[in-house]
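Some notes on the structure that comes next.
Numbering (the numbering used here), first residue to last: 15 to 206.
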């Protein structure tokens, strides 16, 4: 894998609902990744020789497919995304290499050199989704920034007003260049 800077990254949001995501590893870090994938409706396959009680419970309930064995390249078959969440540098590298060969993006947890994608700290306030990444270089700072952003995101009434204004602009044919200034005036007026 090549060394990348933040300028080399394309931020985007993935729709993984109904799509297969692979998690290699079955410990506490893998648990968090599994939960985030389940939260967005992904089908989750877990490959690990052993797993935490939580991962075992999810498998028993049929919420994840758990393959109780070491990773094999073929485990990536049909996957759209893979998380390498193990404590083994060799396994991490093996997952990343196999993913690269299959053109599957790999989030290698705490292992930026083997990652082709990075997780983000996420703030959700429907319909807003804000994601922050340090490209794996400073995860604690990323978490801190997420907490700061949670406190400054607009209140629900701002979001409702922005949605109302957008509908009005579309009805009235308001030029794109005029919309931002109108939104700022509306929000400022609401804070008085």
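We put the beta carbon where it would ideally sit given N, CA and C, even for glycine. As the structure is a prediction and not an experimental result, all values here were calculated from the model.
As a beta-bridge residue in DSSP terms, residue 146 pairs with 135. Within a 10 Å sphere around the beta-carbon of residue 157 sit fewer than 16 other beta-carbons, which makes this residue exposed. About 6 angstroms separates the Cβ atoms of residue 179 and residue 200, confirming a contact at the 8 angstroms cut-off.
Shown here, residue 195 sits in a helix according to DSSP, grouped into three states. Here residue 194 is exposed: its Cβ has fewer than 16 other Cβ atoms, across all protein chains shown, within 10 Å.
Straight through space, the alpha carbons of residue 99 and residue 196 are spaced by roughly 46 angstroms. DSSP places residue 80 in the strand class (E or B) of the three-state scheme.
Note that the C-beta distance between residue 121 and residue 36 is not below 8 angstroms. Excluding five sequence positions before and after residue 32, the CB atoms of its chain that fall closer than 8 angstroms to its own CB belong to 55, 56, 57, given in chain order. Three or more Cβ pairs closer than 8 angstroms define a contact, and the stretch 102-110 falls short of that threshold against the stretch 133-149.
Out of 202, 123, 34, the CA that lies nearest to the CA of residue 172 is found in 202. Take residue 191, set aside five residues on each side of it, and no residue of its chain has a beta-carbon closer than 7 angstroms to its own.
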